[in-house]
Amino acid sequence: MPPDAIAAVSPDNQPDSAWSDLPRLGVGFGFRAPYRADVFLHAGNIDFLEITADHYFDVPTDKLDELDLLRNRFPLIPHGLSLSLGSANGPRPDYVRKLAALVESLRPPWWSEHIAFTQAGSGNIGHLAPLPLTRDSLAILQRNIRSVRQEIPGPLILENITYEVTYPWSDLDEASFLGELLDSAGCGLLLDVTNVYTNSVNHGFDPLRFLQRLPADRIVQLHFVGGHWRDGVLIDSHSRPTPPEVWQLLEEVVKFAPVKGLILERDENLPPFAEILDELQHVRELWRQHQPTVETSR
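Numbering (my numbering), first residue to last: -6 to 291.
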């Protein structure tokens, strides 16, 4: 991908037509340092990488050298963890500056963050916390996204997260909340299929019906992986192979949504890389089966 691939868009909104114009990146992997040698050894089987943006802030030279190696071989998508778009007091300016510098240096076709908050007041709560599904939350997200996009160029896609609790004062369901947010904020969707399945199991809703209510034209990228059970609760731990139920949901998504990229995540119980490659090949076959004209940008 050329270094000037980043889209020139208004910081206040992403034109609807621009989502279809984004490049098809293909099938990729959420880069983790233990797999660095494997990623380069099998680069022909990996179309692009998603990197955790926070892993490259205030780091030693060898970590920056790693980033240079990756960007010279793969298209990279930066994925933020701690922007805290749902915080009432807004994202931290120092974090925004670091993220903006990284995005500008990589010039990706899009970048991503979570629909969540990670800080309350001046304190960091240490994990992705869900928001009440209310009009007030929508207003906070809209304000923060507008502010951040003044500093960080290019299309922004937002990821749905898992949640263990629901707020009784929510006045929207999650599918409606996502649809309104994407439309009002001019963002795309990073649809974590595993998160949809996890929430459906833990909270008793139909995941396929949920998926069918999402705006298909805004689904830019997918995440998928497996989790584990703990005390009767399904945990999104990125620790197991993708289960059959998630594969089935993912296949349904690629039947109706013009997905631009699919990323396998794995953070715990790291298997031999051959198992990662098997999953990447499986998702590639599903994608090509339902979108046979797919050509990646590489």
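Positions of the beta carbon are idealized from the N, C-alpha and C atoms, including for glycine.
Computed from a predicted model, the values in this text were never measured in an experiment.
Residue i - containing beta strand (DSSP E), residue span
{"i": "Leu182", "result": "Gly181 to Asp185"}
{"i": "Thr45", "result": "Phe41 to Thr45"}
{"i": "Ser232", "result": "Val226 to Arg233"}
{"i": "Pro71", "result": "Leu69 to His72"}
DSSP-derived helix/strand/coil call for residue i
{"i": "Arg211", "result": "helix"}
{"i": "Asp5", "result": "Residue confidence is low: Asp5 scores 47 on pLDDT, short of 50, so the model does not pin down where it sits. No coordinate-derived value is stated."}
{"i": "Val158", "result": "coil"}
{"i": "Gln274", "result": "helix"}
{"i": "Thr127", "result": "coil"}
{"i": "Ile133", "result": "helix"}
{"i": "Gln205", "result": "helix"}
{"i": "His35", "result": "coil"}
{"i": "Ala81", "result": "coil"}
{"i": "Gln241", "result": "helix"}
{"i": "Ala250", "result": "coil"}
{"i": "Val52", "result": "coil"}
{"i": "Met(-6)", "result": "Unreliable placement is indicated for Met(-6), whose pLDDT of 40 sits below 50; no coordinate value is reported for it."}
{"i": "Ile118", "result": "strand"}
{"i": "Ala0", "result": "Confidence at Ala0 is low in this model, with a pLDDT of 38, below 50, so its placement is unreliable and the value that follows should be read with caution. DSSP places Ala0 in coil when its eight states are reduced to three."}
{"i": "Gln282", "result": "helix"}
{"i": "Phe198", "result": "coil"}
{"i": "Ser75", "result": "coil"}
{"i": "Asp14", "result": "helix"}
{"i": "Leu57", "result": "helix"}
{"i": "Ala193", "result": "The residue asked about is misnamed: residue 193 is Ser in this sequence, not Ala. Note: Ser193 maps to helix in three-state DSSP."}
{"i": "Ser163", "result": "coil"}
{"i": "Asn262", "result": "coil"}
{"i": "Ile145", "result": "coil"}
Beta-bridge pairing of residue i - partner residues as DSSP gives them
{"i": "Glu106", "result": "Leu151"}
{"i": "Glu256", "result": "The sequence given here has Ile at residue 256, not Glu. Ile256 is bridged to Gly21 and His216."}
{"i": "Asn65", "result": "Paired residue(s): none; Asn65 is not in a bridge."}
{"i": "Arg223", "result": "Val226"}
{"i": "Gln112", "result": "Asn117"}
Spatial distance of residue i from residue j (CA atoms)
{"i": "Thr159", "j": "Asp55", "result": "42 Å"}
{"i": "Leu242", "j": "Leu279", "result": "11 Å"}
{"i": "Gly23", "j": "His216", "result": "9 Å"}
{"i": "Leu151", "j": "Arg223", "result": "27 Å"}
{"i": "Ala46", "j": "Ala26", "result": "13 Å"}
{"i": "Gly79", "j": "Ala109", "result": "5 Å"}
{"i": "Gly220", "j": "Glu245", "result": "20 Å"}
{"i": "Gln205", "j": "Val194", "result": "17 Å"}
{"i": "Gln284", "j": "Val247", "result": "7 Å"}
{"i": "Ser77", "j": "Leu171", "result": "17 Å"}
{"i": "Val337", "j": "Asn192", "result": "Residue coverage of the chain in this structure runs from -6 to 291, which leaves residue 337 outside it and unanswerable."}
{"i": "Leu257", "j": "Gly147", "result": "23 Å"}
{"i": "Ile145", "j": "Ile138", "result": "10 Å"}
{"i": "His35", "j": "Pro265", "result": "13 Å"}
{"i": "Gly181", "j": "Arg211", "result": "5 Å"}
{"i": "Ala81", "j": "Gln135", "result": "11 Å"}
{"i": "Glu272", "j": "Asp40", "result": "14 Å"}
{"i": "Pro101", "j": "Arg64", "result": "10 Å"}
{"i": "Phe50", "j": "Asp229", "result": "25 Å"}
{"i": "Gln143", "j": "Trp162", "result": "32 Å"}
{"i": "Arg202", "j": "Ser232", "result": "26 Å"}
Opening and closing residue of the alpha helix (DSSP H) in which residue i lies
{"i": "Pro86", "result": "Pro86 to Leu99"}
{"i": "Gly172", "result": "Glu167 to Ala178"}
Closer than 6 Å: residue i CB and nearest the ligand FMN heavy atom
{"i": "Pro53", "result": "As presented, the structure is devoid of all ligands, the ligand FMN included, so that no description of it is given."}
- Message: Is it the case that the segment 230 to 246 contacts the segment 159 to 167, given that we only count it when at least three CB pairs across the two stretches are under 8 Å?
- Response: Segments in contact, no.
- Counting pairs of beta carbons, one from the segment 83 to 93 and one from the segment 125 to 132, are three or more of them closer than 8 Å? In this structure the segment 83 to 93 does not touch the segment 125 to 132; the number of beta carbon pairs closer than 8 Å is below three.
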